[in-house]
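FYI, the numbering for the sequence shown is 1 to 737, going by the UniProt record's numbering.
Using N, Cα and C, we set each Cβ at its ideal position, and we do this for glycine too.
Below is one structure; the comments refer to it alone.
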Amino acid sequence: MKISGLLTSAGINIALSVLFISLYSVLRKQPANVRVYFGRRIAEEHNRLREAFILERFVPSTGWIVKALQCTEEEILAAAGLDAVVFNRILVFSLRIFSLAAILCVFGILPLNYFGQDIHHVRIPSESLDIFTIGNVKEYKHIARLRLRHLTCAMPNPSHFTVLVRGIPKETKESCSNAIDDFFTKYHGSSYLFHQVVYKVGKVQKIMTGAKKAYRKFKHFTDSTIDQRCRAISYRCCLCGASSNSFQLLATGLEQNQGKSDLQDSSLKLDDQECAAAFVYFRTRYAALVASEILQTSNPMKWVTDLAPEPDDVYWSNLWLPYKQLWIRRIATLLGSIVFMLFFLIPVTFIQGLSQLEQLQQRLPFLKGILEKKYMSQLVTGYLPSVILQIFLYAVAPIMILFSTLEGPISHSERKRSACCKVLYFTVWNIFFGNVLSGTVISQLNVLSSPKDIPVQLARAIPVQATFFITYVLTSGWASLSSELMQLFGLIWNFVRKYILRMPEDTEFVPSFPYHTEVPKVLLFGLLGFTCSVLAPLILPFLLVYFFLGYIVYRNQLLNVYRTRYDTGGLYWPIAHNAVIFSLVLTQIICLGVFGLKESPVAAGFTIPLIILTLLFNQYCRNRLLPLFRTTPAQDLIDMDREDERSGRMDEIHHRLHSAYCQFHDTEDIPLEKIQTVGSDEEQGCSSDKSNGKETFEEPRAELSHPTLNGLPVSRLRHAVKSITFLVRLQKRGLSE
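What follows is the structure in structure tokens.
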């Protein structure tokens with residue numbers, strides 16, 4: 001790629017970034033876009049944007065930048081959780097590292113190159129790389145302290161008292177619930193409280209989900225028109241102007257003759273639907289920790305215990321998966337991820353062909369006339385490859401989320417963290433190694449037979465691909481940040497929903513921060529900065545602008561847009577630490593290749609100890625700090641238990657455990673007593689306990705009762721679905737007539 005192509009890409013991306021940021025500063029002030037740009041604040045703080053017409057609303061401003069910079073770490077922790085603080089620290093750490101690297105390049109490399117001392121021009125940054133490990137260990141300790149404070153200073157967490165048990169052996173004549181109670185009463189009798197069986201009740205879940213959606217859809221009909229008839233209601237289409245009439249409800253007596261057998265065969269036999277998993281509650285946090293860490297029986301595949309995730313973090317649909325099946329799922333998803341990574345080399349190789357104009361003209365001769373134009377050649381070789389690659393990368397995150405789901409994680413955070421690792425491996429292989437090796441190692445197969453030549457080949461290939469990496473930073477970095485700030489997809493959907501579909505506002509849905517895509521992106525740019533700063537330091541200014549802009553944009557988004565539903569407790573930091581160590585070691589290996597090209601064995605001899613020291617530092621962090629991210633110290637848990645016992649809060653905590661994990665929480669949002677159905681007069685046993693802030697059901701004799709099904713009115717759900725089915729049939733009949 002020529003320098004003209006790089007300048008073209010830089011001009012286009014800078015113009016897009018300035019345009020999007022300017023538009024954002026105006027669009028965020030408009031009342032119609034308040035749920036797009038302030039979703040978290042509206043959902044959690046119930047703020048509203050004033051709708052007065054003032055000229056300031058239509059003038060770009062920088063007030064949001066000042067607010068993002070003035071926000072403290074404590075405010076981010078309170079608003080977005082510990083994961084947001086960890087992500088912010090990754091950005092700050094990267095910004096410091098590459099600021100120091102830029103200073104070294106300006107005052108170290110350039111003067112040496114100017115005076116012709118190019119033999120040692122790599123030695124300064126290679127020796128300075130391990131200076132960064134000092135800052136890394138400080139950050140590691142800081143995040144570890146925040147994690148301990150997060151676990152110990154928070155409100156009593158039900159997950160600290162709860163253990164998820166899987167692989168429960170079920171006897172033929174004994175229910176799963178009785179087997180759990182007998183086992184833990186016998187072996188954990190002094191600390192065992194009670195248990196809650198997880199059910200695979202697809203029919204119940206479908207009934208509740210359908211009833212909830214139908215209630216919202218027909219809510220404006222049921223209040224006034226469900227008595228005898230529904231009058232026709234016309235909606236005018238925004239596109240063509242035509243109107244469509246709603247259905248007309250006939251006499252309610254027909255309901256008894258239509259669809260009586262819709263749900264007669266859907267009787268719920270929960271004993272047959274019991275799953276080999278359960279939540280087991282203990283009296284103390286320490287007892288739950290001990291039960292989760294020890295091996296329960298001589299068969300490791302039975303009575304498998306793990307600390308339960310937080311109630312909002314439970315991934316219920318995976319709890320019923322047989323435990324013996326999980327290792328097969330993990331192997332299958334690993335193989336699928338590897339195949340997908342290798343398959344993605346096809347578009348990467350094609351994109352590399354676009355960046356080399358001579359090869360493109362040879363392979364596609366019919367484009368020779370177009371590519372001879374100066375502007376088109378600059379656009380094709382400079383801007384187009386990174387854009388095409390970015391388009392292909394949009395499909396990576398959903399596929400990795402699917403693979404992570406198939407592995408069988410028990411929590412949403414575990415699924416997203418697993419997807420984060422997969423996306424990181426994918427991007428490092430396909431973006432870095434795929435582009436570096438596609439034109440060198442793949443075309444020179446003899447390198448594979450001599451691994452000792454790989455450092456030399458990397459040292460030769462990275463300068464060739466440096467301009468492509470710079471354009472990738474511009475496209476996937478600068479332009480992507482500005483589009484993230486503007487929320488293009490959310491803005492378009494908000495316009496379509498309001499002015500075309502005329503749908504009511506969805507006050508419940510607020511997106512969560514996509515850590516599984518943004519963390520790998522930041523770490524990939526860190527890898528590019530480490531490896532390219534030695535041989536192509538021109539990339540450093542572009543990376544500095546990206547990290548500084550990302551520091552502002554992501555803080556603004558975490559404070560205003562995204563809502564935190566669950567938190568990993570800072571578990572993204574070990575991923576970032578391992579990525580930094582890998583980047584350091586790879587950079588030092590590349591330095592060995594450079595010194596091999598320079599025929600400088602003395603400098604290479606100084607580089608080898610750096611690799612050893614880096615690996616020793618990594619082992620120190622794994623032994624000293626990483627265990628704090630894997631489990632909670634027993635000392636802290638015992639102190640918390642004793643404090644709760646002294647203050648008398650333990651009984652209250654035990655009482656709250658009964659309603660902590662609700663498998664069928666959707667019923668809390670559906671006031672089913674408002675859906676009037678035939679024969680439902682005797683089923684009005686639903687009452688609300690306003691003092692406790694919870695909705696309870698006084699269930700009649702035919703109702704279902706179980707700790708996991710507390711508040712599940714099955715018979716009323718059946719009648720509700722019957723009524724909805726009848727309404728839909730009448731509407732279809734009217735359309736056919």
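(1) Let's see if you can read the secondary structure: which residues bound the beta strand (DSSP E) around L193?
(2) Mapping the DSSP letters down to three states, classify A278 as helix, strand or coil.
(3) Taking I611 as the reference, which of I590, K598, D182 and C621 has the closest Cα?
(4) DSSP beta-bridge partners for T471?
(5) Given a cut-off of 7 Å on the beta-carbon distance, is the pair A101 and L540 in contact?
(6) If you follow the beta strand (DSSP E) that T62 is in, where does it begin and where does it stop?
(7) Check whether the Cβ atoms of D306 and Y566 lie closer than 7 Å to each other.
(8) Please look up how many angstroms separate the CB atoms of F279 and A308, rounded, as I've assumed it's under 8 Å.
(9) Around the C-beta of L485, are 16 or more other C-beta atoms found within 10 angstroms, so that it is buried, or is it exposed?
(10) Per DSSP, T162 forms a beta bridge with which residues?
(11) Can you name, in chain order, every residue of its own chain whose Cβ lies under 6 Å from the Cβ of F87, other than the five neighbours on each side?
(12) Please determine if the stretch 555-566 and the stretch 462-479 are in contact, where contact requires at least 3 C-beta pairs separated by less than 8 Å.
(13) In this structure, does DSSP put T427 in helix, strand or coil?
(14) Quick one: any contact between the stretch 523-533 and the stretch 487-502, if contact means 3 or more CB pairs under 8 Å?
(15) Taking the alpha-carbon of residue 738 as reference, which of S413, R630, T349 and W573 has the nearest alpha-carbon?
(16) Report the option in F468, F469 and F433 whose CA atom is closest to the CA atom of I454.
(17) Under 8 Å, with one C-beta from each stretch per pair, do the stretch 387-405 and the stretch 415-427 reach the 3-pair mark?
(18) What's the C-alpha gap between I65 and S480?
(19) For my contact list, L91 and Y554 are in at a C-beta cut-off of 8 Å; report their separation, rounded to the angstrom.
(20) Between the alpha carbons of C662 and S512, how many angstroms are there, rounded?
(21) Determine the contact status of P60 and S17, defining contact as a CB-CB distance below 7 Å.
(22) Inspect the beta-carbon positions of N494 and V36 and report whether they are closer than 7 Å.
(23) Pick helix, strand or coil for S482, following the three-state DSSP scheme.
(24) On a CA-only basis, which of A536, V519, L319 and S600 is nearest A579? Give me that one, please.
(25) Output the residue ranges of the beta strand (DSSP E) runs that lie fully inside the stretch 563-619 and measure 3 residues or longer, sorted by chain position.
(26) Sorted by chain position, which residues of the same chain lie with C-beta nearer than 7 Å to T152's C-beta, five sequence neighbours on each side aside?
(27) I'd like to know whether the C-beta atoms of K302 and P169 end up nearer to each other than 7 Å.
(28) Report the partner residues of V304 according to the DSSP bridge assignment.
(29) Helix, strand or coil, according to DSSP, for S659 in the structure here?
(30) Classify Y140 as buried or exposed, calling it buried when 16 or more other Cβ atoms lie within 10 Å of its own Cβ.
(31) Taking the alpha-carbon positions, what's the L7 to L501 distance?
(32) So, for S483: in the same chain, excluding its five sequence neighbours on each side, which residues have a beta-carbon less than 7 Å away from its beta-carbon?
(33) Could you name the residues that DSSP lists as bridge partners for V314?
(34) Count the CB pairs spanning the stretch 323-335 and the stretch 374-387 that are closer than 8 Å, and state whether there are at least three.
(35) Under the assumption that L584 contacts F98 (Cβ atoms under 8 Å), give the Cβ distance between them as a whole number of angstroms.
(36) Report back the beta-carbon spacing between L549 and W478 to the nearest angstrom; my notes put them in contact at under 8 Å.
Straight from the coordinates:
(1) Translated into positions along the sequence shown, residue 193 becomes position 193. Where L193 is concerned, the enclosing beta strand (DSSP E) stretches over Y192 to Y199.
(2) Counting from one through the sequence shown, the residue named residue 278 turns up at place 278. DSSP places A278 in strand when its eight states are reduced to three.
(3) Working through the sequence shown from its first residue, we reach residue 611 at position 611. Ranking I590, K598, D182 and C621 by Cα distance to I611 puts I590 first.
(4) Taking the first residue of the sequence shown as position 1, residue 471 is located at position 471. Its beta-bridge partners do not exist; DSSP assigns none.
(5) By one-based count along the sequence shown, residue 101 stands at place 101. By one-based count along the sequence shown, residue 540 stands at place 540. It is a contact, given that the beta carbons lie within the stated cut-off.
(6) Against the sequence shown, residue 62 aligns to sequence position 62. It is not in any beta strand (DSSP E) - T62 carries neither H nor E in the DSSP assignment.
(7) Position 306 of the sequence shown holds residue 306. Position 566 of the sequence shown holds residue 566. No; because the gap between Cβ atoms is not below 7 Å, this pair is not in contact.
(8) Walking along the sequence shown from the start, residue 279 turns up at place 279. Walking along the sequence shown from the start, residue 308 turns up at place 308. Yes, F279 and A308 are in contact; Cβ-Cβ is about 6 Å, under 8 Å.
(9) Numbered from its first residue, the sequence shown carries residue 485 at position 485. L485 is buried by the Cβ-count criterion.
(10) Position 162 of the sequence shown holds residue 162. Paired residues: Y281.
(11) As a working mapping, residue 87 is identified with position 87 in the sequence shown. Once the five neighbours on either side are set aside, F87 has no close Cβ partner at all.
(12) no
(13) Translated into positions along the sequence shown, residue 427 becomes position 427. Residue state, collapsed to three classes: helix.
(14) no
(15) There is simply no residue 738 to check, as the chain begins at 1 and stops at 737 in what is shown.
(16) For the purposes of this step, residue 454 is taken as residue 454 along the sequence shown, with counting starting at 1. Checking every option, the nearest Cα to that of I454 belongs to F433.
(17) yes
(18) Sequence index remark: in the sequence shown, residue 65 carries index 65 (1-based). Sequence index remark: in the sequence shown, residue 480 carries index 480 (1-based). Approximately 18 Å between the Cα atoms of the pair.
(19) Taking the sequence shown and counting its residues from 1, one reaches residue 91 at position 91. Taking the sequence shown and counting its residues from 1, one reaches residue 554 at position 554. About 7 Å separates the two Cβ atoms, so the contact holds.
(20) Here residue 662 corresponds to residue number 662 of the sequence shown, with the count starting at 1. Here residue 512 corresponds to residue number 512 of the sequence shown, with the count starting at 1. Rounded to whole angstroms, C662 to S512 spans 22 Å at the Cα level.
(21) Counting from one through the sequence shown, the residue named residue 60 turns up at place 60. Counting from one through the sequence shown, the residue named residue 17 turns up at place 17. Taking 7 Å as the Cβ cut-off, P60 and S17 do not qualify as a contacting pair.
(22) Against the sequence shown, residue 494 aligns to sequence position 494. Against the sequence shown, residue 36 aligns to sequence position 36. In contact: N494 and V36 (Cβ atoms closer than 7 Å).
(23) Taking the first residue of the sequence shown as 1, we reach residue 482 at position 482. Three-state result, S482: helix.
(24) On the sequence shown, position 579 is the one that residue 579 refers to. Considering only alpha carbons, the answer is V519.
(25) none
(26) Indexing the sequence shown from 1 puts residue 152 at position 152. The answer, listed in chain order, is D636 and M640.
(27) Here the question's residue 302 lines up with position 302 in the sequence shown. Here the question's residue 169 lines up with position 169 in the sequence shown. Going by C-beta atoms, K302 is nearer than 7 Å to P169.
(28) Here residue 304 corresponds to residue number 304 of the sequence shown, with the count starting at 1. DSSP lists R166 as partners of V304.
(29) On the sequence shown, position 659 is the one that residue 659 refers to. S659 falls in the coil class under three-state DSSP.
(30) The residue you call residue 140 lines up with position 140 of the sequence shown. By the 10 Å Cβ count, Y140 comes out buried.
(31) By one-based count along the sequence shown, residue 7 stands at place 7. By one-based count along the sequence shown, residue 501 stands at place 501. Looking at the two C-alpha atoms, the distance is approximately 43 Å.
(32) Looking up residue 483 in the sequence shown gives position 483. Within the same chain, S483 has close Cβ partners F20.
(33) What you label residue 314 is simply residue 314 of the sequence shown in a count that begins at 1. Note: V314 sits in a beta bridge opposite S411.
(34) no
(35) Start at 1 with the first residue of the sequence shown, and residue 584 comes out as number 584. Start at 1 with the first residue of the sequence shown, and residue 98 comes out as number 98. With 8 Å as the limit, L584 and F98 do not qualify as a contact, their Cβ atoms being about 13 Å apart.
(36) As a working mapping, residue 549 is identified with position 549 in the sequence shown. As a working mapping, residue 478 is identified with position 478 in the sequence shown. Right, their Cβ atoms sit about 7 Å apart.
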